[in-house]
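**Student:** The opening position of the sequence shown corresponds to residue 145 in our numbering, with each subsequent residue numbered one higher. Cβ coordinates follow ideal geometry from the N, Cα and C atoms, glycine included. Can you read through this structure? Questions will come right after.
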Amino acid sequence: MSIAAEEPAGTLRIALAHAARLLDVDPAMAERQAQEILKVVPGDRQARLFLASARRLRGDASGASEILDEMLRRKPDDAGARLERGLARAAQGRHQDAVDDLRGATTLAPGVSKAWQALGDQLTLLDDSDGADTAYGQAIRASVDDPRLMEAALALCDGRLAVAEQLLRTHLKAGPTDVAAIRMLAEIGARLGRYEDAENLLTRCLELAPGFTAARHNLAIVLHRQSKAAEALAEIDRLLVAEPRNPSYRFLKAAVLARIGEYDGAIEIYAAILEEHPASARGWLSAGHALKTAGRTTESIAAYLRSIENAPHFGEAYWSLANMKTYRFDDAIMARMQGFLSRSDIEDVDRLHFHFALGKALEDRGAYETSFMHYQEGARLRRATDTYDPDETSRLVERSRTLFTTAFFAAHGNAGAPAADPIFIVGLPRAGSTLLEQILSSHSAVEGTMELPDMLMLARRIGGGKSRGLRYPEALADLSGDQLRALGEEYLASTRVQRKANRPFFIDK
145 MSIAAEEPAG
155 TLRIALAHAA
165 RLLDVDPAMA
175 ERQAQEILKV
185 VPGDRQARLF
195 LASARRLRGD
205 ASGASEILDE
215 MLRRKPDDAG
225 ARLERGLARA
235 AQGRHQDAVD
245 DLRGATTLAP
255 GVSKAWQALG
265 DQLTLLDDSD
275 GADTAYGQAI
285 RASVDDPRLM
295 EAALALCDGR
305 LAVAEQLLRT
315 HLKAGPTDVA
325 AIRMLAEIGA
335 RLGRYEDAEN
345 LLTRCLELAP
355 GFTAARHNLA
365 IVLHRQSKAA
375 EALAEIDRLL
385 VAEPRNPSYR
395 FLKAAVLARI
405 GEYDGAIEIY
415 AAILEEHPAS
425 ARGWLSAGHA
435 LKTAGRTTES
445 IAAYLRSIEN
455 APHFGEAYWS
465 LANMKTYRFD
475 DAIMARMQGF
485 LSRSDIEDVD
495 RLHFHFALGK
505 ALEDRGAYET
515 SFMHYQEGAR
525 LRRATDTYDP
535 DETSRLVERS
545 RTLFTTAFFA
555 AHGNAGAPAA
565 DPIFIVGLPR
575 AGSTLLEQIL
585 SSHSAVEGTM
595 ELPDMLMLAR
605 RIGGGKSRGL
615 RYPEALADLS
625 GDQLRALGEE
635 YLASTRVQRK
645 ANRPFFIDK
């Protein structure tokens, strides 16, 4: 469709609307449509934005930036052009420049959810997790256009989850098909660790609005956190059909593949992303972890060093090197770590990793007293933010001893799935459980896997979560033989993806 100079303004609106529709399905055709419009109306702002968007979507981010640079020279406060240039710069791998543009766009137009979402994605690549969380929260708030939901959205952004949940439940009683409210309620469930509830809400959300991309991304994350790899991958692949180069979707897919032992696939994805986004310190770290687990030690070390090169303050990358066990820090890197510890602008999470890395480096050199001081300080920082409660663990052990009596096991002796496939190894840290696993997995009939999360997820679900007043393991007493068998079959099904060697037995440590 094209327009002629003598045709009325209404035709221009129709042509622009046609270009907008084409952007989602055929960027090349959208580019031609925008060019036709600009032949007739050379200065039309919207047509120029469409032209830039089309070029970016076709892979010509540099060409898009040239158009947007000129637009912003003429009008620096054009929020739409600043957003689009942020997306173009992100596609070029200019992440900090992209953040600057996207921050400008959110300042000029704070109600544009797309700008906040893109900002969160870029901050994730730059390893600013706190900034990314804030941006994603603002994206949810900006996506709400119903005044009745604004209070709940603000409470969610502020971390007042109980207030937000009550407001949303009241709202959904009156309007149970409001997908924005359903997604927000699912976000609260996910933050509280109620993943099954979040999954159910997001599934309902997508039944009502299959094109709700943000909800589908949330669902993929929730499924991943529940170790439902096949389901998570299906949702991610749907997202990637629409946005095949989206780094957030690709990182998530790589993480899911790594979780189920598909390391070659994960490494391939990380390599492709890092070729486009070489400044991603978190990306190099994740690639290093996958390479390490796959036994590619030299490449793993190189990846960790690239992470440090891109973010010298990133303490976790140094600790990952130290945790290789065989890597030895030279004097220059040790001095750099000491230098960071002397600074006041280093986050505690980086500081504790520097202490642990230095502890290992000094231990390797035989400087045990100084090494222990670093370990001790790292442990102190870790303990300050760790929610682990040893007394709660002791209470759980006592409650378990009360329930799991000889009589209890006798009464349930024939319950559960009858398969003998899993070999469970249970032990305290440093008790030799890994050595035992290695010995067993050397047998031709036994496959070693990893410390699988599936049983923990089942226990959490059986208990129902602390917020509902139900508890594990007491809740087991109310389950019938059929229910126990179903849970056993579910465990076998969910762990099947971890079994690569087709052996009759597998280990869950």
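Starting from residue 652, trace the beta strand (DSSP E) both ways and give me its first and last residue.
**Tutor:** 649 to 652
**Student:** Quick check: what's the CA-CA separation for residue 479 versus residue 416?
**Tutor:** Using only the alpha carbons, I get a separation of about 33 Å.
**Student:** By a C-beta neighbour count over all protein chains shown, 10 Å radius and 16 as the cutoff for buried, is residue 194 buried or exposed?
**Tutor:** buried
**Student:** Indicate whether the contact test is met: 3 or more Cβ pairs, each with one atom in the region 589 to 605 and one in the region 554 to 563, closer than 8 Å.
**Tutor:** Output reads no: the region 554 to 563 does not touch the region 589 to 605.
**Student:** Under 8 Å between the Cβ atoms of residue 327 and residue 300?
**Tutor:** no
**Student:** Is DSSP giving residue 566 helix, strand or coil here?
**Tutor:** strand
**Student:** Specify the secondary structure class of residue 591 as computed by DSSP and reduced to three states.
**Tutor:** strand
**Student:** Where does residue 498 fall in DSSP's three states?
**Tutor:** Correct three-state label for residue 498: helix.
**Student:** Comparing alpha-carbon positions, which option in 369, 396, 370 lies nearest residue 117?
**Tutor:** Not covered by the structure: residue 117. The range shown for the chain is 145 to 653.
**Student:** In terms of residues, what are the limits of the alpha helix (DSSP H) holding residue 460?
**Tutor:** 459 to 466
**Student:** In three-state terms, what does DSSP make of residue 534?
**Tutor:** In the displayed model, residue 534 falls within a helix according to three-state DSSP.
**Student:** If you reduce the DSSP assignment to three classes, tell me which class residue 616 lands in.
**Tutor:** coil
**Student:** Would you identify the three-state DSSP class for residue 220, choosing helix, strand or coil?
**Tutor:** coil
**Student:** Suppose the cutoff is 7 Å on Cβ atoms and the five residues either side in sequence are ignored; what does the same chain contact list for residue 379 look like?
**Tutor:** 360, 363, 364, 367
**Student:** What do you get for residue 568, buried or exposed, if any count of 16 or more other CB atoms within 10 angstroms of its CB means buried?
**Tutor:** exposed
**Student:** Straight-line CA distance for residue 537 to residue 207?
**Tutor:** 59 Å
**Student:** Which residues mark the beginning and the end of the alpha helix (DSSP H) in which residue 315 is found?
**Tutor:** Looking at the DSSP string, the run of the alpha helix (DSSP H) that includes residue 315 is 305 to 318.
**Student:** Using a 10 Å radius around the Cβ and a threshold of 16 neighbouring Cβ atoms, would you call residue 203 buried or exposed?
**Tutor:** It counts as exposed.
**Student:** By the three-class DSSP mapping on this structure, what secondary structure does residue 451 have?
**Tutor:** helix
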